[in-house]
Amino acid sequence: MRVLEEFVLPIADGGDGFGFFGDARRALIRMGEISPAIREALLAVRQSERRLSTDGGYPMILQDAELRGLIEEAIACADAGPGETH
Numbered sequence: 217m218r219v220l221e222e223f224v225l226p227i228a229d230g231g232d233g234f235g236f237f238g239d240a241r242r243a244l245i246r247m248g249e250i251s252p253a254i255r256e257a258l259l260a261v262r263q264s265e266r267r268l269s270t271d272g273g274y275p276m277i278l279q280d281a282e283l284r285g286l287i288e289e290a291i292a293c294a295d296a297g298p299g300e301t302h
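Numbers given in my numbering equal positions in the sequence shown, counted from 1, plus 216.
In structure tokens form, the structure reads like this:
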């Protein structure tokens, strides 16, 4: 979990390492749980209006939508708990 925090928490603080951010959230979804620090970070990113991609134009919009969808899925999986359906 601490390793995943290294990739999630900086994004909430304005970082731009989006490549590993997506990978970290996919891992959180597979694990089905998140730490309180990751939950706070994901909620902060979800509420922000900044783009979650370094790409420009239409690809940026698509990647942003994908990353925001993964945020929702990670939070939902954590709310359901390990082994529960969501």
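Cβ atoms here follow ideal geometry from the backbone N, Cα and C, with glycine treated the same way. It should be emphasised that the depicted structure is a prediction, and the values quoted were computed from it without experimental measurement.
Tell me the DSSP secondary structure of residue i in three-state form.
i, result
"residue 230", "coil"
"residue 288", "helix"
Name the residue from the options whose alpha carbon lies nearest to the alpha carbon of residue i.
i, options, result
"residue 262", "230, 222, 296 and 220", "230"
"residue 239", "296, 286 and 292", "286"
"residue 270", "232, 260 and 255", "232"
"residue 161", "235, 254 and 290", "Coverage of the chain is limited to positions 217 through 302, which leaves residue 161 absent and any answer about it impossible."
"residue 251", "220, 227 and 289", "220"
"residue 284", "218, 241, 274 and 272", "241"
Taking only the alpha-carbon atoms, compute the straight-line gap between residue i and residue j and give it to the nearest angstrom.
i, j, result
"residue 260", "residue 266", "11 Å"
"residue 264", "residue 258", "10 Å"
Would you call the region 247 to 257 and the region 278 to 285 touching, i.e. three or more CB-CB distances under 8 Å?
Two segments are said to touch when three or more pairs of C-beta atoms, one from each, lie closer than 8 Å; by this definition the region 247 to 257 does not touch the region 278 to 285.
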